[in-house]
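Asker:
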Amino acid sequence: MPPWQIGVFASVDAGLGVHLDVAKELGIPTVQVHSPHAETRTQAVADKFLAQCKAAGITITCVFGGFEGESYADIPTTTATVGLVPEATRAARAQEMKEISDFTKLLGCDAVGMHIGFVPSDRESASYKGLLEVTRDLLDHVAKNGQRLHLETGQETAEHLLEFIHDVQRQNLFINFDPANMILYGTGNPIETLKKIGHLVRSVHCKDAKWAAEAKRGAEWGSEVALGEGDVGMETYLRTLKEIGYTGPLTIEREIAHDRERQRRDIGTAAALLQRLRAQIL
Ligand code: MG
Numbered sequence: 005m006p007p008w009q010i011g012v013f014a015s016v017d018a019g020l021g022v023h024l025d026v027a028k029e030l031g032i033p034t035v036q037v038h039s040p041h042a043e044t045r046t047q048a049v050a051d052k053f054l055a056q057c058k059a060a061g062i063t064i065t066c067v068f069g070g071f072e073g074e075s076y077a078d079i080p081t082t083t084a085t086v087g088l089v090p091e092a093t094r095a096a097r098a099q100e101m102k103e104i105s106d107f108t109k110l111l112g113c114d115a116v117g118m119h120i121g122f123v124p125s126d127r128e129s130a131s132y133k134g135l136l137e138v139t140r141d142l143l144d145h146v147a148k149n150g151q152r153l154h155l156e157t158g159q160e161t162a163e164h165l166l167e168f169i170h171d172v173q174r175q176n177l178f179i180n181f182d183p184a185n186m187i188l189y190g191t192g193n194p195i196e197t198l199k200k201i202g203h204l205v206r207s208v209h210c211k212d213a214k215w216a217a218e219a220k221r222g223a224e225w226g227s228e229v230a231l232g233e234g235d236v237g238m239e240t241y242l243r244t245l246k247e248i249g250y251t252g253p254l255t256i257e258r259e260i261a262h263d264r265e266r267q268r269r270d271i272g273t274a275a276a277l278l279q280r281l282r283a284q285i286l
């Protein structure tokens, strides 16, 4: 695949992504996909979706897992509900993520992605050690499917994410870098973070955001905005991706499923911006 193919987050039947026809209409050649609900993770659904992709000339580059009960309402709720970190749902969600990996294999895709949650800061805690165990077990399953797992950024600082990946000790654990999340969660300057973790980045989101007021960073969300209108700095972002040697797709993420018209418009504008910058930089 040529470097920096434009992509968009799409959905099979669930999540915040656009429907495949939007990617098709906009001529976008790659998609990341939100995994569908359990009852639709079937061979028939995979075959149909894959046929639609092939007909539209679209390649699936990563399938993202998500779980019932997750809520991004505010940062404390996200901490309590998202990913494999909450202990009450950890085992069941790890099992579901294995099933999502199996479904991803049916789609012929070699990468699964997820928000693992807010990794506990104390590396000696039982919760952290338990998370390491369940992540290793998941990664071994993912490896059997010939896949990598990409952790979405935002909930950890660069340093803690690197510590966690180091401690997991598996060769198929990588990063899906989202610059806007670093701003939304207040976890660090996205460009500086990208330079620190760039060697592990295997997929990226092109998303933009504005910082929360300084006193509230990390406690309250920043705000997601259309690509190019926020604090990431798209030209600097792409130049930094070039600097770290990233050649994978540039996947646009615009999480405003409540406003499908605006979502479609913003994705079209974002694709044009990325194409213009790509022509300048590559
Ligand atoms: Mg993202």
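Letter by letter, the sequence shown follows residues 5 to 286 of this note's numbering. Built from N, CA and C at the ideal position, the CB exists for glycine as well. Remember, it's a predicted structure, so these values are computed and weren't measured experimentally.
Compute the distance between the beta-carbons of residue 176 and residue 66, then report whether it is under 8 Å.
Answerer: Working through the sequence shown from its first residue, we reach residue 176 at position 172. Working through the sequence shown from its first residue, we reach residue 66 at position 62. No, the pair does not count as a contact, with Cβ atoms beyond the cut-off.
Asker: I'd like to confirm the pairing. Which residues does DSSP put opposite residue 36 in its beta bridges?
Answerer: Taking the first residue of the sequence shown as position 1, residue 36 is located at position 32. Note: residue 36 sits in a beta bridge opposite 13, 66.
Asker: Could you check if residue 257 belongs to the surroundings of the ligand MG, using beta carbon to heavy atom distance under 7 Å?
Answerer: Working through the sequence shown from its first residue, we reach residue 257 at position 253. Yes, the beta carbon of residue 257 sits closer than 7 Å to at least one heavy atom of the ligand MG.
Asker: If you reduce the DSSP assignment to three classes, tell me which class residue 216 lands in.
Answerer: Mapped onto the sequence shown, residue 216 falls at position 212. The answer is coil: DSSP assigns residue 216 none of H, G, I, E or B.
Asker: With a 10 Å radius around its C-beta and 16 neighbouring C-beta atoms as the bar for buried, classify residue 62 as buried or exposed.
Answerer: Along the sequence shown, read from residue 1 onward, the residue named residue 62 stands at position 58. That one is buried.
Asker: Give the C-beta separation of residue 123 and residue 170 to the nearest angstrom, bearing in mind that I take them to be a contact with Cβ-Cβ under 8 Å.
Answerer: Numbered from its first residue, the sequence shown carries residue 123 at position 119. Numbered from its first residue, the sequence shown carries residue 170 at position 166. Rounded, the Cβ-Cβ distance is 12 Å, inconsistent with contact.
Asker: Ordered along the chain, which non-local residues of its own chain (more than five positions away) have a Cβ less than 6 Å from that of residue 97?
Answerer: The residue labelled residue 97 in the question sits at position 93 within the sequence shown. Correct list, in chain order: 71, 88.
Asker: Only counting the same chain, and skipping five residues up and downstream in sequence, which positions put a Cβ closer than 6 Å to that of residue 10?
Answerer: Within the sequence shown, residue 10 is the residue found at index 6, counting from 1. For residue 10, where only same-chain residues beyond five positions count, the Cβ hits under 6 Å are 32, 254, 275, 278.
Asker: Looking at the structure shown, is residue 57 part of a helix, part of a strand, or coil, going by DSSP?
Answerer: As a first step, residue 57 must be located in the sequence shown, where it is residue number 53. Looking at residue 57 - three-state DSSP - the assignment turns out to be helix.
Asker: How is the beta strand (DSSP E) around residue 118 delimited, first residue to last?
Answerer: For the purposes of this step, residue 118 is taken as the residue at position 114 of the sequence shown. Unbroken beta strand (DSSP E) run through residue 118: 115 to 118.
Asker: If you count every other CB in all the chains shown that lies within 10 Å of the CB of residue 82, and 16 or more means buried, which is it?
Answerer: Position 78 of the sequence shown, counted from the start, is the residue given in the question as residue 82. By the 10 Å Cβ count, residue 82 comes out buried.
Asker: If we ignore side chains and look at the alpha-carbon of each, how far apart do residue 183 and residue 133 end up?
Answerer: Reading the sequence shown from its first residue, position 179 is the one you call residue 183. Reading the sequence shown from its first residue, position 129 is the one you call residue 133. If you take the alpha carbons of residue 183 and residue 133, they lie about 28 Å apart.
Asker: Excluding five sequence neighbours on each side, which residues of the same chain lie with their C-beta closer than 7 Å to the C-beta of residue 158?
Answerer: By one-based count along the sequence shown, residue 158 stands at place 154. Hits under 7 Å: 182, 185, 186, 188, 189, 191.
Asker: Check residue 177 in the structure and name its three-state DSSP category.
Answerer: Taking the sequence shown and counting its residues from 1, one reaches residue 177 at position 173. Strand.
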